[in-house]
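Scroll down for the structure; my scribbles are underneath it.
Protein chains: 2
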Amino acid sequence: MSQQRHGSTPGNTGAVPAFPDLPEATIARLPEYLRALHNLAESGSETVSSEGLAAAAGVNSAKLRKDLSHLGSYGTRGVGYDVALLVDQIEYILGLDQRRAVALVGVGNLGHALAGYDGFASRGFRIVALFDSDAEQVGKPLGDLTVRHIDELGMAVVEEGITIGVIATPAGAAQAVADDLVAAGVTSILNFAPCVLSVPAGVDVRKVDLAIELQILSFHEHRKASLTAIPGGRSAQPGNQEAVGS
Amino acid sequence: MSQQRHGSTPGNTGAVPAFPDLPEATIARLPEYLRALHNLAESGSETVSSEGLAAAAGVNSAKLRKDLSHLGSYGTRGVGYDVALLVDQIEYILGLDQRRAVALVGVGNLGHALAGYDGFASRGFRIVALFDSDAEQVGKPLGDLTVRHIDELGMAVVEEGITIGVIATPAGAAQAVADDLVAAGVTSILNFAPCVLSVPAGVDVRKVDLAIELQILSFHEHRKASLTAIPGGRSAQPGNQEAVGS
Numbered sequence: 011m012s013q014q015r016h017g018s019t020p021g022n023t024g025a026v027p028a029f030p031d032l033p034e035a036t037i038a039r040l041p042e043y044l045r046a047l048h049n050l051a052e053s054g055s056e057t058v059s060s061e062g063l064a065a066a067a068g069v070n071s072a073k074l075r076k077d078l079s080h081l082g083s084y085g086t087r088g089v090g091y092d093v094a095l096l097v098d099q100i101e102y103i104l105g106l107d108q109r110r111a112v113a114l115v116g117v118g119n120l121g122h123a124l125a126g127y128d129g130f131a132s133r134g135f136r137i138v139a140l141f142d143s144d145a146e147q148v149g150k151p152l153g154d155l156t157v158r159h160i161d162e163l164g165m166a167v168v169e170e171g172i173t174i175g176v177i178a179t180p181a182g183a184a185q186a187v188a189d190d191l192v193a194a195g196v197t198s199i200l201n202f203a204p205c206v207l208s209v210p211a212g213v214d215v216r217k218v219d220l221a222i223e224l225q226i227l228s229f230h231e232h233r234k235a236s237l238t239a240i241p242g243g244r245s246a247q248p249g250n251q252e253a254v255g256s
Numbered sequence: 011m012s013q014q015r016h017g018s019t020p021g022n023t024g025a026v027p028a029f030p031d032l033p034e035a036t037i038a039r040l041p042e043y044l045r046a047l048h049n050l051a052e053s054g055s056e057t058v059s060s061e062g063l064a065a066a067a068g069v070n071s072a073k074l075r076k077d078l079s080h081l082g083s084y085g086t087r088g089v090g091y092d093v094a095l096l097v098d099q100i101e102y103i104l105g106l107d108q109r110r111a112v113a114l115v116g117v118g119n120l121g122h123a124l125a126g127y128d129g130f131a132s133r134g135f136r137i138v139a140l141f142d143s144d145a146e147q148v149g150k151p152l153g154d155l156t157v158r159h160i161d162e163l164g165m166a167v168v169e170e171g172i173t174i175g176v177i178a179t180p181a182g183a184a185q186a187v188a189d190d191l192v193a194a195g196v197t198s199i200l201n202f203a204p205c206v207l208s209v210p211a212g213v214d215v216r217k218v219d220l221a222i223e224l225q226i227l228s229f230h231e232h233r234k235a236s237l238t239a240i241p242g243g244r245s246a247q248p249g250n251q252e253a254v255g256s
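As structure tokens, then:
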């Protein structure tokens, strides 16, 4: 199950390898740690215990220590982690020191929300180009940018050094847009359309489906309702509600 | 690591327990299987092999078979899974047969996008009330609804039978909104604000942070760049790019 591979994890020396192999689950938690560390730095903290950082990031501290050990960060006993150093290490690993250029394709409601989402720019991502295939949208201003026709994608990718594409089109258009992005040289795709994309090896895809999260919550609602609905027995099981928690 | 608990998994009889305990990772994949099954049903398929369903959902088939075995679904050798039956089983487990009522708080860009997101209604969720604290927004129509003041939340939760709240406010307002939702009786929260929420036991929170997915892609971009940048050796490692894949 774990995607961690052997042979390149750091030893006990605290040395960071040239580029560590990290389990996917660890990679997914690094942005959480980073946000918590930024908040700590803003409030004047120079060091933080693993327990304190774990609480701020919403994970358990054993998992946090294991995650950070992959980066070669073990903290100092009785002192904790150096906040500024850990921020630098995580930003380096995530490549956030490079202000990545992002193209957004599809400027409907969701595209508008994404184009105006403060959380991108504040965390190292610049949306540098907006595209749509709808003639009514092309040429319209949106923030500091003007919506361009999807046919200009290839040119824009080269000119702007775009490496990440965000797809915010309907599901039916998403695969064609993904093909266009790949043909233009984009190697990472964030897909908001509710469909599975097919891409060549070497291209990474992350999918965000807003309804899937609701369906997972629905499961928990259903489970909670079934616990209270069944007379006697099950509803009295201690800890059952907390075991599948937030 | 696994959240699966023992003692309630089904045996080999194919019987579904009253309410199976499922690993969180399995719960997260059920909506993917469901979407793939709906597509298969629409295209006229009555049965599907585990390999076919796995490919359509973008997971490997061993993982799929294990996930479905938790539901008591083992398929029929040489035939595969009954599509309609599996849809019913997954929809039952996810509680999607109940058309859950959802309240959305915060009608900025993101709130507008969420309110207009077709993917909610088509998968069993009705956004039945919209709230904001901004006097300029209150009273405005949005789709079939009118934006209401957050002070009316408690009343609306009772009247509309709302069990799920979606927070699409800025981070600074999210905890207060979460407190309001919990006080009103909402037991599941989907949080789009980039912050960790504190809620009492028995309330489930799922967090969607749009920038986190970009940061994970940034990691892969950084890794790929480091593989091509280092002369000789590393870039030639076979399979390395595919090992941390989409």
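Chains as they are written, first to last, in our numbering: chain A, 11 to 256; chain B, 11 to 256. Heads up, the beta-carbon is just placed ideally off N, CA and C, and yes, glycines get one too. Quick caveat: nothing in here was measured; it's all calculated off a predicted structure.
Once the 5 residues before and after residue i are set aside, which same chain residues still bring their CB inside 8 Å of it?
| i | result |
| --- | --- |
| A:VAL93 | LEU47, LEU50, ALA51, SER55, GLU56, THR57, VAL58 |
| A:ARG110 | GLY134, PHE135, ARG136, THR173, ILE174 |
What's the gap between the Cα of residue i and the Cα of residue j?
| i | j | result |
| --- | --- | --- |
| B:HIS159 | A:LEU227 | 25 Å |
| B:THR197 | B:ASP214 | 6 Å |
| A:MET165 | B:SER143 | 44 Å |
| A:LEU106 | B:VAL138 | 39 Å |
| A:GLY175 | A:ARG87 | 43 Å |
| A:VAL26 | B:GLY129 | With a pLDDT of 47 at A:VAL26, under the threshold of 50, the modelled position of this residue cannot be trusted; read the value that follows with caution. A:VAL26 and B:GLY129: Cα-Cα distance of roughly 43 Å. |
| A:GLU170 | A:PHE229 | 43 Å |
| A:ALA123 | B:ILE177 | 14 Å |
| A:PRO248 | B:ALA183 | Confidence is the limiting factor: at A:PRO248 the pLDDT is only 36, short of 50, which leaves the residue's position unreliable and the question unanswerable from this model. |
| A:ALA211 | B:GLU231 | 13 Å |
| B:ALA145 | B:ALA125 | 19 Å |
| B:THR179 | B:GLY121 | 8 Å |
| B:GLY68 | B:VAL148 | 42 Å |
| A:THR156 | B:VAL89 | 53 Å |
| A:ILE37 | A:LYS217 | 15 Å |
| B:GLN14 | B:PRO33 | Unreliable positioning characterises B:GLN14 in this predicted model, as indicated by a pLDDT of 34, which lies under 50. The coordinate reading is nonetheless provided below. Cα to Cα, B:GLN14 sits roughly 5 Å from B:PRO33. |
| A:LYS76 | A:ASP98 | 18 Å |
| B:ILE222 | A:GLU42 | 8 Å |
| B:GLN108 | A:PHE135 | 40 Å |
| A:LEU81 | A:ILE172 | 28 Å |
| B:SER236 | A:ASP31 | 12 Å |
| B:VAL115 | A:VAL192 | 37 Å |
| B:SER79 | A:ARG233 | 18 Å |
| A:LEU140 | B:LEU140 | 29 Å |
| B:ALA113 | B:VAL206 | 20 Å |
| A:ASP161 | B:TYR127 | 26 Å |
Starting from the C-beta of residue i, find all residues in its chain whose C-beta is less than 6 Å away, skip the five residues before and the five after it, and write them out in chain order.
| i | result |
| --- | --- |
| B:ASP190 | LEU163 |
| A:PRO204 | ALA181, ASP219 |
| A:ALA186 | none |
| A:ALA6 | In the structure as shown, chain A begins at 11 and stops at 256. Residue 6 of chain A is therefore absent and cannot be evaluated. |
| A:ALA194 | LEU163, GLY164, VAL167 |
| B:TYR91 | VAL58, GLY85 |
| B:LEU44 | ILE100 |
Looking only at its own chain, which residues have a Cβ that is under 7 Å from the Cβ of residue i, when we skip the five neighbours before and after it?
| i | result |
| --- | --- |
| B:ALA64 | ASN70, SER71, LEU74 |
| B:LEU40 | ILE100, ILE103, LEU104 |
| A:ARG96 | The question names Arg, but residue 96 of chain A in the sequence shown is Leu. If we look at A:LEU96 and ignore the five residues flanking it on each side, its Cβ neighbours are LEU47, SER83. |
| B:ASN250 | Only weak support is given to the placement of B:ASN250: the predicted model assigns it a pLDDT of 34, under 50, and the value that follows is read from those uncertain coordinates. Here the set comprises LEU237. |
May I ask which residues mark the beginning and end of the beta strand (DSSP E) holding residue i?
| i | result |
| --- | --- |
| A:VAL1 | Outside the modelled stretch of chain A, which goes from 11 to 256, sits residue 1 of chain A, for which no answer is possible. |
Using a cut-off of 8 Å between C-beta atoms, extract the partners of residue i located in chain C.
| i | result |
| --- | --- |
| B:PRO41 | Absent from the structure is chain C; the protein chains it does hold are A and B. |
State yes or no: is the C-beta of residue i nearer than 8 Å to some heavy atom of the ligand SAH?
| i | result |
| --- | --- |
| B:THR57 | Among the components of this structure there are no ligands whatsoever, and the ligand SAH is therefore not found. |
Extract the residue ranges of the alpha helix (DSSP H) inside the stretch 114-162 of chain B, only unbroken runs of 4 or more that lie entirely within it. 119-125, 128-131
For the stretch 117-144 of chain A, enumerate the residues whose C-beta is nearer than 9 Å to any C-beta of chain B, in chain order. Taking 9 Å as the cut-off between beta carbons, the residues of the stretch 117-144 of chain A near chain B are GLY118, ASN119, LEU120, GLY121, HIS122, ALA123, LEU124, ALA125, GLY126, TYR127, ASP128, GLY129, PHE130, SER132, ARG133, GLY134, PHE135, in sequence order.
Please list, in chain order, the residues of the stretch 192-205 of chain B that have any C-beta partner in chain A closer than 9 Å. THR197, SER198, ILE199, LEU200, PHE202, PRO204, CYS205
I'd like the ranges of any beta strand (DSSP E) spanning at least 3 consecutive residues and lying wholly in the stretch 160-225 of chain B. 172-177, 198-201, 214-217
Quick one: which residues of the stretch 68-86 of chain B get their C-beta closer than 9 Å to a C-beta of chain A? List them in chain order. GLY68, LYS73
Runs of alpha helix (DSSP H) lying entirely within the stretch 38-96 of chain B, each at least 4 residues, in chain order: 60-67, 71-80
Name the residues in the stretch 217-231 of chain A whose C-beta lies less than 9 Å from a C-beta of chain B; which are they? LYS217, VAL218, ASP219, LEU220, ALA221, ILE222, GLU223, LEU224, GLN225, ILE226, LEU227, SER228, PHE229, HIS230, GLU231
For the stretch 86-108 of chain B, list every residue whose C-beta sits within 7 Å of some C-beta in chain A, in sequence order. Under the 7 Å Cβ criterion, the stretch 86-108 of chain B contributes ILE103, LEU104, GLY105, LEU106.
Residues within the stretch 140-173 of chain B neighbouring chain A, beta-carbon criterion of under 9 Å: THR173
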